[in-house]
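Undergrad: Got a structure here, written out as structure tokens. Questions coming.
Residue numbers (my numbering), protein chains in the order written: chain Z, 312 to 439; chain R, 312 to 439.
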């Protein structure tokens with residue numbers, strides 16, 4: 312397999328790259344996470360998002376517990392070769408561990424962070 | 312001025328937060344950058360994006376040279392309080408220093424990064 316495209320990415324000192332996940336069709340930005348080289352190679356190979364969990368220090372196959380996998384539609388790279396943008400199809404319509412469509416569910420209004428997305432599924436149901 | 316909302320953000324050790332900029336209307340993700348506390352306060356106060364340039368180690372008023380300012384429509388925060396999503400109106404329709412609409416102008420196709428956005432303006436014209 313030709314992996315030269317992986318060498319074009321400017322990884323951080325920790326060997327990571329920031330990744331933005333965007334829902335295909337609606338264009339909603341649903342998540343931000345990180346990948347290492349192995350995670351990105353697996354993502355491209357299998358067609359489902361695999362991230363690197365910095366808190367758990369291991370590969371994180373998105374949806375491995377919740378079932379909310381992200382099918383890859385496209386993988387895009389920025390001008391500085393150090394950020395990735397994924398176009399994804401979000402299984403279950405829930406990207407956030409809080410049970411919401413997107414992790415970005417608060418908007419600044421008059422100096423207050425206001426919630427603007429409903430909880431679609433109880434996290435206790437998602438991670439039982 | 313009430314700045315308690317700034318304290319809710321979990322800044323990195325370096326005092327930064329990653330920021331995704333998304334064009335209002337089209338939903339195109341046009342840029343990824345960083346802000347420190349001062350940059351975000353200025354952004355919220357003036358209604359135009361101010362970032363922290365890690366390479367130049369100083370505040371970077373987006374468009375200060377190119378004229379391609381980003382008018383803020385909304386500022387959103389993620390579930391972990393450590394990533395921001397800006398809905399912006401991109402002046403000049405060009406967010407990237409390469410003269411393109413977006414910094415994400417390459418898509419992975421058959422293990423090759425393929426360009427898929429045209430250069431709208433010669434960078435030499437933008438930064439003269």
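Here a beta-carbon is modelled for each residue, glycine too, at the ideal position from N, C-alpha and C.
Helix or strand or just coil, what does DSSP make of residue 329/R?
TA: Looking at residue 329/R - three-state DSSP - the assignment turns out to be strand.
Undergrad: If we cut at 7 Å on Cβ distances, does residue 313/R have a partner in chain Z?
TA: It does; some Cβ of chain Z falls within 7 Å.
Undergrad: Using 7 Å as the limit for Cβ to Cβ distance, is residue 418/R near chain Z?
TA: By this cut-off, residue 418/R is an interface position.
Undergrad: Counting pairs of beta carbons, one from the segment 317 to 332 of chain R and one from the segment 325 to 343 of chain Z, are three or more of them closer than 8 Å?
TA: They touch, by the three-pair rule.
Undergrad: For residue 400/Z and residue 373/R, what's the separation of their Cα atoms in angstroms?
TA: In a straight line, the C-alpha of residue 400/Z is about 32 Å away from that of residue 373/R.
Undergrad: Considering only C-alpha positions, which residue in the set 409/Z, 381/Z, 368/Z and 405/Z is nearest to residue 361/Z?
TA: Answer by Cα proximity: 381/Z.
Undergrad: Does the separation of the CB atoms of residue 386/R and residue 419/Z fall below 7 Å?
TA: Cβ atoms of residue 386/R and residue 419/Z: closer than 7 Å.
Undergrad: Mind checking whether residue 389/Z and residue 390/R have CB atoms under 7 Å apart?
TA: Going by C-beta atoms, residue 389/Z is not nearer than 7 Å to residue 390/R.
Undergrad: Under 6 Å from any heavy atom of the ligand PLP, does the C-beta of residue 412/R make it?
TA: Ligands are entirely absent from the displayed structure, and the ligand PLP is therefore not among its contents.
Undergrad: Report all residues from its chain with a CB closer than 8 Å to the CB of residue 427/Z; omit the five preceding and five following residues, and keep chain order.
TA: Once the five neighbours on either side are set aside, the close Cβ partners of residue 427/Z are 416, 417 and 418.
Undergrad: Enumerate in chain order the residues of its own chain whose CB-to-CB distance from residue 363/R is below 7 Å, with the five nearest sequence positions on each side excluded.
TA: Excluding positions up to five away in sequence, the list reads 327, 345, 346, 347, 350, 370 and 371.
Undergrad: Quick one: which unbroken alpha helix (DSSP H) runs of 4-plus residues sit fully inside the segment 336 to 382 of chain Z? Chain order, please.
TA: Segments of the alpha helix (DSSP H) lying fully in the segment 336 to 382 of chain Z: 348 to 357.
Undergrad: Give me the chain R residues within the contact set of residue 319/Z, using Cβ-Cβ distance strictly less than 7 Å, ordered along the chain.
TA: Within chain R, the residues near residue 319/Z are 424.
Undergrad: With distances taken from CA atoms, which of 377/Z, 392/Z, 358/Z and 429/Z is nearest residue 459/R?
TA: The question about residue 459/R has no answer here: the residues shown for chain R are numbered 312 through 439.
Undergrad: When the distance is taken between beta carbons, is residue 410/R closer than 7 Å to residue 379/R?
TA: No. Outside cutoff.
Undergrad: If I measure Cβ to Cβ from residue 376/Z and keep anything under 7 Å in the same chain, skipping five residues before and after, which residues do I get?
TA: Hits under 7 Å: 438.
Undergrad: By Cβ distance below 7 Å, which residues in the same chain neighbour residue 432/R in space, the five residues on each side in sequence not counted?
TA: These residues qualify, in order along the chain: 405 and 410.
Undergrad: Compare the C-alpha of residue 430/R against each of 407/R, 422/R, 423/R and 421/R and name the closest.
TA: Considering only alpha carbons, the answer is 407/R.
Undergrad: Quick one: Cα of residue 314/R to Cα of residue 324/Z, how far?
TA: Residue 314/R and residue 324/Z: Cα-Cα distance of roughly 33 Å.
Undergrad: In the DSSP assignment, the beta strand (DSSP E) including residue 324/Z goes from what residue to what residue?
TA: No beta strand (DSSP E) holds residue 324/Z; DSSP gives it neither H nor E.
Undergrad: Compare the beta carbon distance of residue 335/R and residue 383/R with 7 Å and say whether it is the shorter of the two.
TA: No. Outside cutoff.
Undergrad: Among 396/Z, 368/Z and 412/Z, whose alpha-carbon lies nearest the alpha-carbon of residue 355/Z?
TA: Taking only the C-alpha atoms, the option nearest residue 355/Z is 396/Z.
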